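Structure first, commentary second.
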Amino acid sequence: MKSDRRLTNAVLFVLGVCFVGILYFRFVLEETWVESVYYVAITVSTIGFETPPGLNTPTDMIFLIALIVLGVSSGAYTVTLVVAHILEGELAHHLEHRKMQKTIQRLSGHTIVCGIGRVGRLIARDLEEYGHTPVLIDKDPELLEEHRNEGRLVIQGDATDEAVLEQAGIERAAALISSIPSDAESVFLTLTARFMNRKIRIVARGSDESSERKLKRAGANAVILPNLIGGRRMAQAIAQPNVMDFVDLTIGRSRHSLRLDELTVGEDAPFAGKSLIDSALRQDYGLIVVAVRRPSGKMDFNPEGTTLLEAGDVLIALGEAEELDRLKAKLA
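To convert, take the position in the sequence shown, counting from 1, and add 390; that gives the numbering used here.
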């Protein structure tokens, strides 16, 4: 930055003036090194001193005057830059914080992510790819700074604190993800979030099946067990490598553009009230409907062509990402 460069140049100039002054006292006035440093220090700092014995000629006096003028003026200028630099930084941070808070206050239907370690970073990235707006909460200012620099909305604080959740707009949020490593804190966060917003969808991270039960009792809609999932996938990589390759293909871990996605059938959807075969989803979009979830929660796997699609149904479909996006845009 320009201010940083000015400050660096000012400091270097002050050091240069002091260095020249020390050399003059040492080699021209023939003072010792210690005395030379001492005389320059008290001259530049305007403390004052008794005239050194070697200071006799007009040239010496002119040099001393120049040293005082340059040293004092450059020192004062440097101090001014330092103070301005600090104030500008604090002011910029304050203004940025206020701007971010106003942005969060205008949000609705966003997703709050609590705990942004390695897992939280991946969550934020994937949410953005799906078109969701994440608001990140963590205690670590360094982690938050990284995400802030990447343009994300962040809040520093304890996610289990109601005031922090209010600051994140939990009343207007559509979902909350607890990526906190501690099961106890995650349970408390889930209870707090459910109390503050009865309709919010809560996804929590757990360590084992025991914590899964506790988190669901606390109000979590879904609980993810990274250790369990990781263990199963590693075993599957040996026992069912082709199945694992297919799963990777549908969740975006492959170079192919296939994707498994969900499509909500609205009242105005062109295929609402039609059978699956008459919907032309396969013919027009190349989609394979793997399952249909009814509004009641019932899941129909591998539906037949005669299956009637009704408003409120959610289709689990496999197809090219581009075609899925095209259909979603049409349904929006």
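Don't be surprised by glycine CBs; every beta carbon is placed ideally from N, CA and C.
Predicted model, so just to flag it, every value in this text is computed and none were measured.
Have a look at residue i and residue j and give me their C-alpha separation to the nearest angstrom.
i, j, result
"Ile567", "Asp528", "12 Å"
"Leu639", "Ala574", "35 Å"
"Ile570", "Val427", "56 Å"
"Leu460", "Leu397", "16 Å"
"Gly687", "Asp703", "9 Å"
"Arg542", "Thr433", "51 Å"
"Leu581", "Gln557", "17 Å"
"Leu708", "Gln673", "13 Å"
"Leu419", "Phe453", "11 Å"
"Gly507", "Leu413", "54 Å"
"Leu512", "Phe409", "52 Å"
"Glu535", "Val633", "40 Å"
Does DSSP classify residue i as helix, strand or coil?
i, result
"Arg683", "strand"
"Phe691", "strand"
"Ser435", "coil"
"Pro524", "strand"
"Ser569", "coil"
"Gln546", "strand"
"Val655", "coil"
"Gly596", "coil"
"Ala514", "helix"
"Gly709", "strand"
"Ile560", "coil"
"Ile678", "strand"
"Thr501", "strand"
"Val454", "A small correction: the amino acid at residue 454 is Leu; Val does not occupy that position in the sequence shown. Leu454 falls in the helix class under three-state DSSP."
"Arg584", "helix"
"Leu612", "Per the sequence presented here, residue 612 reads as Ala, with Leu not at that position. Ala612 falls in the strand class under three-state DSSP."
Compare the Cα-Cα distances from residue i to each of the options and report the closest residue.
i, options, result
"Val430", "Gly596, Ile560, Val407 and Ala549", "Val407"
"Leu650", "Ile452, Asp715 and His500", "Asp715"
"Phe585", "Ala564, Leu677, Gly596 and Gly609", "Gly609"
"Ala662", "Ala563, Glu532 and Leu721", "Leu721"
"Val503", "Ala563, Gly621, Arg622 and Phe417", "Ala563"
"Lys718", "Leu405, Gly521 and His487", "Gly521"
"Arg496", "Leu615, Leu517, Thr468 and Val525", "Val525"
"Val509", "Leu533, Asn399, Lys606 and Leu402", "Leu533"
"His500", "Asp658, Glu519 and Thr523", "Thr523"
"Arg683", "Gly695, Ile667 and Thr654", "Thr654"
Could you name the residues of the same chain whose beta carbon sits closer than 7 Å to that of residue i, not counting the 5 residues immediately before and after it, in chain order?
i, result
"Ala583", "Leu555, Ile560, Leu566, Ile590 and Ile592"
"Ala612", "Val593"
"Arg416", "Trp423 and Ser426"
Within the same chain, show all residues whose beta-carbon is closer than 8 Å to that of residue i, passing over the 5 residues directly before and after it, in chain order.
i, result
"Asn692", "Val680 and Ala681"
"Asn617", "Ser597 and Asp598"
"Ser647", "Glu710, Ala711 and Glu712"
Go through its chain and collect everything with a Cβ distance to residue i's Cβ below 6 Å, but skip five positions before and after it.
i, result
"Glu713", "Tyr675 and Gly676"
"Ile437", "none"
"Lys604", "Val577"
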